[in-house]
Amino acid sequence: MRVKRVLIVVSILLVGILLVQINQTSQLKKQHQTLKADYNNSKQNQSTAKNIISQPTVQKTNLKASQVRVKQFIDIVQNNKASDYQNKLRDFTTLSVINQLTNTLAPSVQNSTLAHYDVPVVAVNKQWEDKAQFLVITKSDVQSVAWQVTYDVHNQKVTAVSRLPLKGAFDNEK
């Protein structure tokens, strides 16, 4: 009789342990699924970060090509009449930027013979994902002009242009 009681107590104890284990198994499955999803997200974020970090030469090449393109754009803007912008800037920018340049940012002095502007400086001001902002300085014999140009590296188009005040812009006047 004593052996039966011990067996009953042991079997009740084992059934209790089994129920606790079954309950913990479902909770562990939920935790496992949550951790697996977190792991996949972090793995995906890490691979994105690796792509961004591991391609500095590609970004540098894109930035160099963008600088050349921006220099050509500003050279056309400074050394041509505003009436010619429609035809000459079509490959460089959108129609809205061309209209903005034609209406508001065109060089202030328009003669039949324009002063020739050189573009000695095209510097990267900011860069983010697929856009870059450049600071461009143009110089002529009489005047220096600063431009801020936002360039879409992916689409290879100028998206925004503004003229900046440049201290001492007329210091070369005689």
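Residue numbers for the sequence shown follow my numbering, so the first one is -11 and each next one is one higher. Glycine included, C-beta positions come from ideal geometry on N, C-alpha and C. No experiment lies behind these values; they were computed from the predicted model shown.
Quiz item: What did DSSP end up calling residue 27 once you bin it into helix, strand or coil?
Solution: helix
Quiz item: In three-state terms, what does DSSP make of residue 61?
Solution: helix
Exercise. Counting only the same chain and skipping the five closest in sequence on each side, list residues whose C-beta sits under 8 Å from that of residue 147.
Key: 81, 82, 85, 119, 138, 139, 140
Quiz prompt | residue 165 burial status per 10 Å Cβ neighbour count (16 or more: buried) | solution = The structure shown does not extend to residue 165, since the chain is modelled only from -11 to 162, so the question has no answer here.
Self-check item: residue 204 burial status per 10 Å Cβ neighbour count (16 or more: buried)
Solution: What is shown of the chain runs -11 to 162, which leaves residue 204 out entirely.
Quiz item: Looking at C-alpha atoms only, which residue of 0, 144, 151, 152 is the closest neighbour of residue 52?
Solution: 144
Quiz item: Sorted by chain position, which residues of the same chain lie with C-beta nearer than 6 Å to residue 99's C-beta, five sequence neighbours on each side aside?
Solution: Note that residue 99 scores 42 on pLDDT, short of 50, meaning its location in the model is unreliable and no value can be drawn from it.
Quiz item: Touch check for the segment 105 to 117 and the segment 55 to 64: three-plus C-beta pairs under 8 Å?
Solution: yes
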